[in-house]
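Same order as they appear, the protein sequences are chains X and B. Anchor point for the first sequence: position 249 equals 249 in my numbering, and the numbering is continuous, going up by one each time. Residues are numbered in my numbering as their position in the second sequence, beginning at 1, plus a constant of 1000. Glycine is no exception: its CB is placed at the ideal position from the N, C-alpha and C atoms.
There are 2 protein chains.
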Amino acid sequence: MSLDTRVSIAEAEQLVKEAFLRNGVKEAVAESVSNALVAAEAEGQVGHGFSRVKDYLAQVKSKKINVDAKIKIEHPKPTSISIDADYGFAYPALDQAITEGALTAKEYGSAIVSIFNSHHCGALSIQVEKIAKQGLIGVMMANTPKAIAPWGGKDPFFGTNPIAFAVPRIANDPLVIDLSLSKVARGKIMHAKKVNTEIPEGWALDSSGKPTTDPDQALKGSMLPIGEAKGSALALMVEILAATFSGGRPSNEASSFLDPDGDPPGVGQFLMFIDPGKDNGSFYKRLEKLLIDIEEIEGVRLPGNRRLEVINESSKLGLKIPDYL
Amino acid sequence: MSLDTRVSIAEAEQLVKEAFLRNGVKEAVAESVSNALVAAEAEGQVGHGFSRVKDYLAQVKSKKINVDAKIKIEHPKPTSISIDADYGFAYPALDQAITEGALTAKEYGSAIVSIFNSHHCGALSIQVEKIAKQGLIGVMMANTPKAIAPWGGKDPFFGTNPIAFAVPRIANDPLVIDLSLSKVARGKIMHAKKVNTEIPEGWALDSSGKPTTDPDQALKGSMLPIGEAKGSALALMVEILAATFSGGRPSNEASSFLDPDGDPPGVGQFLMFIDPGKDNGSFYKRLEKLLIDIEEIEGVRLPGNRRLEVINESSKLGLKIPDYL
């Protein structure tokens, strides 16, 4: 994959969209998928960006991704929304989740949305940031194909099961936190495999439970969780909210997001929306005070600051795009 | 502190309650505080159990804990509940939070409760388990006096900012997860100080930023977060939900939960309630399948299993109670 051509973000969205249109994906879906992949690429999350296009297209061809998905939305209770993604792409379901969740939270104060029969949801930062841009606090969790062994075990069972959080700010971009519960994001290992580089020791174990620097062996083995038993417990919490509660397939039964073989992964996502509430003004004052206090500490940066710099750079310089696009 | 006398859980609750009654705490409040402390002791969380009685009483005497607190509850939106604990004990406010939150979530599908002007909330496991015993999924977060340095810094700023989660099960006790974002719970270091033992290296740094095994030096220094920058980011998320959102005092400005001096800590707590929803039956089936799959893995135990064993043991054998009670 050569990455020599630079294009603007808008051009990249168009190019990626066209690649999906050429393969039988409908206009609105192609646009949603393209926007999410380009946004991830533009913020430096290359494991959730252009590198996914070929994998997605192969899954469209093998019908592992349902291009005729009919998204079904139910409100089992006023603030609880359940979305069946019908084994299509996750992004159009997430778009609807955010629209419905935000409307509900503005009316009721909070809302939860769970998505099932879903697929790879990319960079969670993109989704929670959209919630924050509507003036709401956003939390998102997702389960993903098995990667982390439960503490004490040696075979993968939980996904890297990311947690993301965003909060709106008055005069700044939202504060965005996005982290997987493995020591590093699985996307980083997948990217290392794609560009043929080694990974540092300590990120993962091979299939026999030994440390490895080979990304291929790491992907066949298991990822180490943050905080030992604590990270494993958090991965179980995410598993229960994102998969068990939603009706999504558990991580240990979900097929790969990468290759075109097998059943659809059918994983789940969980989103929470919180209205900062009646005393909005004081909330934002308290938030700015807290964040400024943190930024003033020597050696400390706010989470997500590097992300904003990369987005800014991408907007100015454009994105390096693979030739096949 | 001698711990030679064993009494039943009911007797312990009575003894602890009487200690508070003797010091001018009202009946209902004394009962709520006593039940929470004894429950923590009975599940082995000794840092949140009997060891707190003397500290609480000293704070009652110095008026750092307001024994005349009038809890005020507001519903700024239908599913968003805000509780002013009025600088009293946290437990009576938590009791009301759980009653109101559960009622709301059963009607609307979800609810959030934030508590401010609050105090030490003890073992979060006790609170989320109560939510699960009402048939709801519970999540709780709390901010606590500064203990963890933001990643890259060396002085404490965030509390140990615990996260807890509980989910109801059909034929078993709820699954309960409760963890602080420091590598170990601060309560463990405080207990080590009380019983005069060293702590293992790797738990904390002293005030100059060096590793220490002296619990006293560790309490004056900073705790290490799980997952390096990731744990620090999660601590910020908890800070924003439990303190900034609720209107509680930030961890870096909250006074000690332990000594009788200074202003009240005024921290906050955040609770989320989720109704498992319309397809309740399938939810519980999926949950049992997941938990059984985990328990069948060699070397792996469910989080909270040890806790249930200790509770069982405490019920059978009674609790060792300090002589002064």
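Grab me the residues of residue 1 (chain X)'s own chain with a C-beta within less than 7 Å of its C-beta, minus the 5 sequence neighbours each way, in chain order. Residue mapping note: residue 1 (chain X) aligns to position 1 of the first sequence, counting from 1. Bear in mind that the predicted position of residue 1 (chain X) carries a pLDDT of just 46, short of 50, making it too unreliable to give a figure here.
Restricting to Cα atoms, I'd like to know which of B:1168, B:1157, B:1260 is closest to residue 1220 (chain B). On the second sequence, residue 1220 (chain B) is found 220 positions in, with the first residue counted as 1. When only C-alpha atoms are compared, the closest one is B:1157.
Expressed to the nearest angstrom, what Euclidean distance is found between the alpha-carbon atoms of residue 1207 (chain B) and residue 1125 (chain B)? Indexing the second sequence from 1 puts residue 1207 (chain B) at position 207. Indexing the second sequence from 1 puts residue 1125 (chain B) at position 125. Going by the C-alpha atoms only, they are around 30 Å apart.
Neighbour list for residue 252 (chain X) in chain B, Cβ cutoff strictly below 7 Å: For the purposes of this step, residue 252 (chain X) is taken as residue 252 along the first sequence, with counting starting at 1. Result: 1293.
Members of the segment 1093 to 1114 of chain B near chain X, C-beta cut-off 8 Å: 1107, 1108, 1109, 1110, 1111, 1112
Taking Cβ positions only, does residue 24 (chain X) come closer than 7 Å to chain B? Numbered from 1 along the first sequence, position 24 holds the residue referred to as residue 24 (chain X). No, no contact with chain B.
Within the 7 Å Cβ cut-off, does residue 1189 (chain B) reach chain X? Within the second sequence, residue 1189 (chain B) is the residue found at index 189, counting from 1. False, the Cβ-Cβ gap to chain X never drops below 7 Å.
Cα-Cα separation between residue 20 (chain X) and residue 324 (chain X), rounded to whole angstroms: To locate residue 20 (chain X), count along the first sequence from 1; it is residue 20. To locate residue 324 (chain X), count along the first sequence from 1; it is residue 324. Looking at the two C-alpha atoms, the distance is approximately 13 Å.
Can you list, in chain order, the residues of its chain whose CB lies under 7 Å from that of residue 1106 (chain B), leaving out five sequence neighbours each side? The residue labelled residue 1106 (chain B) in the question sits at position 106 within the second sequence. These residues qualify, in order along the chain: 1275.
Leaving out five residues before and five after residue 1277 (chain B) in sequence, what residues of the same chain have Cβ atoms less than 8 Å from its Cβ? Within the second sequence, numbered from 1, the residue matching residue 1277 (chain B) stands at position 277. Cβ neighbours of residue 1277 (chain B) beyond the five flanking positions: 1109, 1283.
Comparing the C-beta of residue 1019 (chain B) with each C-beta of chain X, is any distance below 7 Å? Residue mapping note: residue 1019 (chain B) aligns to position 19 of the second sequence, counting from 1. Chain X contact via Cβ: absent.
Residue(s) in a DSSP beta bridge with residue 30 (chain X): As a first step, residue 30 (chain X) is located in the first sequence; it is residue number 30 there, counting from the start. Note: residue 30 (chain X) sits in no beta bridge, so no partner.
Would you check if the distance between the CB atom of residue 1251 (chain B) and the CB atom of residue 1154 (chain B) is smaller than 7 Å? In the second sequence, the residue the question calls residue 1251 (chain B) occupies position 251. In the second sequence, the residue the question calls residue 1154 (chain B) occupies position 154. No, they are not a contact pair.
Where does the unbroken alpha helix (DSSP H) through residue 1186 (chain B) begin, and where does it stop? Here residue 1186 (chain B) is taken as the residue at index 186 of the second sequence, counted from 1. Residues 1186 to 1194.
What distance in whole Å lies between the Cβ atoms of residue 1304 (chain B) and residue 226 (chain X), which are believed to be in contact at a cut-off of 8 Å? Taking the first sequence and counting its residues from 1, one reaches residue 226 (chain X) at position 226. Taking the second sequence and counting its residues from 1, one reaches residue 1304 (chain B) at position 304. With 8 Å as the limit, residue 226 (chain X) and residue 1304 (chain B) do not qualify as a contact, their Cβ atoms being about 19 Å apart.
Check each candidate in B:1152, B:1164, B:1091 and name the one with the smallest Cα separation from residue 1139 (chain B). Start at 1 with the first residue of the second sequence, and residue 1139 (chain B) comes out as number 139. Answer by Cα proximity: B:1164.
Taking the CB atoms as reference points, tell me whether residue 12 (chain X) and residue 290 (chain X) lie closer together than 7 Å. For the purposes of this step, residue 12 (chain X) is taken as residue 12 along the first sequence, with counting starting at 1. For the purposes of this step, residue 290 (chain X) is taken as residue 290 along the first sequence, with counting starting at 1. In this structure, residue 290 (chain X) does not lie closer than 7 Å to residue 12 (chain X) by Cβ.
Start and end of the alpha helix (DSSP H) containing residue 1230 (chain B)? Here the question's residue 1230 (chain B) lines up with position 230 in the second sequence. Note, residue 1230 (chain B): alpha helix (DSSP H), 1229 to 1239.
Close beta carbons around residue 92 (chain X), own chain, < 6 Å, minus the five adjacent residues each side: Walking along the first sequence from the start, residue 92 (chain X) turns up at place 92. So the list reads 29, 32, once near-sequence residues are dropped.
Only counting runs of 3 or more residues, tell me where the beta strand (DSSP E) segments fall wholly within the segment 1114 to 1152 of chain B, in order along the chain. 1137 to 1142
Tell me the DSSP bridge mates of residue 1111 (chain B)? For the purposes of this step, residue 1111 (chain B) is taken as the residue at position 111 of the second sequence. In DSSP, residue 1111 (chain B) forms a bridge with B:1273.
If I measure Cβ to Cβ from residue 1051 (chain B) and keep anything under 7 Å in the same chain, skipping five residues before and after, which residues do I get? In the second sequence, the residue the question calls residue 1051 (chain B) occupies position 51. For residue 1051 (chain B), where only same-chain residues beyond five positions count, the Cβ hits under 7 Å are 1191, 1194.
Are the C-beta atoms of residue 51 (chain X) and some chain B residue less than 7 Å apart? Locating residue 51 (chain X) in the first sequence gives position 51, where the first residue counts as 1. Not one chain B Cβ lies under 7 Å of residue 51 (chain X).
If you draw a straight line from the C-alpha of residue 1268 (chain B) to the C-alpha of residue 1241 (chain B), how long is it? Here residue 1268 (chain B) refers to the residue found at position 268 of the second sequence. Here residue 1241 (chain B) refers to the residue found at position 241 of the second sequence. For residue 1268 (chain B) and residue 1241 (chain B), the distance between alpha carbons rounds to 9 Å.
Tell me the rounded alpha-carbon separation between residue 1169 (chain B) and residue 1288 (chain B). Here residue 1169 (chain B) corresponds to residue number 169 of the second sequence, with the count starting at 1. Here residue 1288 (chain B) corresponds to residue number 288 of the second sequence, with the count starting at 1. So the alpha carbons of these two residues sit roughly 8 Å apart.
Under DSSP, the alpha helix (DSSP H) around residue 1006 (chain B) begins and ends at which residues? As a working note, residue 1006 (chain B) is residue 6 in the second sequence. Here residue 1006 (chain B) belongs to no alpha helix (DSSP H); instead the beta strand (DSSP E) covers 1005 to 1007.
Length of the line joining the Cα atoms of residue 113 (chain X) and residue 271 (chain X): Against the first sequence, residue 113 (chain X) aligns to sequence position 113. Against the first sequence, residue 271 (chain X) aligns to sequence position 271. One C-alpha to the other measures close to 5 Å.
Alpha carbon to alpha carbon, what distance is there between residue 1053 (chain B) and residue 1047 (chain B)? Here residue 1047 (chain B) refers to the residue found at position 47 when the second sequence is read from its first residue. Here residue 1053 (chain B) refers to the residue found at position 53 when the second sequence is read from its first residue. The alpha-carbon atoms of residue 1047 (chain B) and residue 1053 (chain B) are separated by roughly 11 Å.
So what does DSSP say about residue 81 (chain X), is it helix, strand or coil? The count along the first sequence starts at 1 and reaches residue 81 (chain X) at position 81. DSSP places residue 81 (chain X) in strand when its eight states are reduced to three.
Select from X:310, X:301, X:180 the residue whose C-alpha is nearest the C-alpha of residue 123 (chain X). Counted from its first residue, the first sequence places residue 123 (chain X) at position 123. Comparing Cα positions, the closest option is X:180.
So the beta strand (DSSP E) residue 1183 (chain B) belongs to, where does it begin and stop? Mapped onto the second sequence, residue 1183 (chain B) falls at position 183. Segment: none, residue 1183 (chain B) is in no beta strand (DSSP E) and carries neither H nor E.
Looking only at C-alpha atoms, which of B:1223, B:1196, B:1197, B:1198 sits nearest to residue 1326 (chain B)? Limits of chain B in this structure are 1001 at one end and 1325 at the other, which puts residue 1326 (chain B) out of reach.
Could you check whether the Cβ of residue 1233 (chain B) sits closer than 7 Å to any Cβ belonging to chain X? Taking the first residue of the second sequence as 1, we reach residue 1233 (chain B) at position 233. Yes, residue 1233 (chain B) lies at the interface with chain X (some Cβ there is under 7 Å from its Cβ).
Which residues in chain X have a C-beta closer than 9 Å to the C-beta of residue 1144 (chain B)? List them in chain order. The sequence position of residue 1144 (chain B) within the second sequence is 144, counting from 1. Within 9 Å Cβ-Cβ: nothing; residue 1144 (chain B) doesn't reach chain X, min ~15 Å.
Residue nearest to residue 1137 (chain B) in terms of C-alpha spacing, selected from B:1152, B:1102, B:1022, B:1070: The residue you call residue 1137 (chain B) lines up with position 137 of the second sequence. Out of B:1152, B:1102, B:1022, B:1070, B:1102 has the C-alpha closest to the C-alpha of residue 1137 (chain B).
State the start and end residues of the unbroken beta strand (DSSP E) segment that holds residue 167 (chain X). Here residue 167 (chain X) is taken as the residue at index 167 of the first sequence, counted from 1. 163 to 167 is the span of the beta strand (DSSP E), which, as asked, contains residue 167 (chain X).
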